[in-house]
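Asks: Per this note's numbering, numbering through the sequence shown is continuous, rising by one, with the last residue being 321.
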Amino acid sequence: MTEGTSRRTLVKVLAAIPLAATFGLVASPLLRFLRPTIQPLDLLGPSDQPKPLKPVEFTDKDFPDTWTCIPFMFNQSYKEYNPEGMEVRKIPGFAVKLPSGDVVAYSRICPHLGCIFNFVKDPDECLKGYNYKPNGPVFACPCHLSVYDIAQGGKVVSGPAPRPPRKFDVKKEGEKISILSLEAGGIA
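(1) Compare the Cα-Cα distances from V237 to each of G247, P256, F191, T155 and report the closest residue.
(2) Is T201 near the ligand MG, judged by its Cβ being under 6 Å from some heavy atom?
(3) What would DSSP say about Q285, mapped onto helix, strand or coil?
(4) With a CB to CB cut of under 7 Å and the five nearest residues on each side skipped, what residues in its chain are close to M219?
(5) Just to confirm, is the Cβ distance from C274 to F250 under 7 Å?
(6) From what residue to what residue does the beta strand (DSSP E) around L315 run?
(7) Where does P185 fall in DSSP's three states?
(8) Would you list the one or two residues that DSSP bridges to C202?
Structural data, given as structure tokens:
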């Protein structure tokens, strides 16, 4: 009886080995999908989300008037499987001084299809070029005529864009204004 039990156990173990190997091979990509990390099966490692290389800095003197708009380039690093281990992408942005005195910053990449949009200060110019007359300065995309109202947090007021452009985190310390990071998300 002991001999039969040990044979049965041995057969069960031998049958389970391919099944366990199959589950193990499926687990690695599934875990990578659920928690993206730089190394496969590195569950406790840091996430490979994009990171800013350094902040873009301005001073209060750079924004003398309401609706002053300054274009800038924001460098962000992405983890990549290349010899450098990363890729640096330059994200164009606009920093704008609102009537409240706050400075806000937005990515210039249109969330519709990724075109680079413009700052349009004059409502009559916007009407001529984008078929929409806003109440004040706006961002306007020349590709498909999306218009974003800056005074309303980048709200889409005209065109096919699905949402406002991505915002940058802006921090003000005394006279210094720093653009620190970009809101997570993609183009569409």
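Glycine included, every Cβ here is placed at the ideal spot set by N, Cα and C.
Replies: Straight from the coordinates:
(1) F191
(2) The ligand MG is not part of this structure, which contains no ligands at all.
(3) DSSP, read as helix, strand or coil, puts Q285 in helix.
(4) S210, Y211, K212, E213
(5) yes
(6) Residue range 309–315 is occupied by the beta strand (DSSP E) that includes L315.
(7) strand
(8) In the DSSP output, where bridge partners are listed per residue, C202 has V229.
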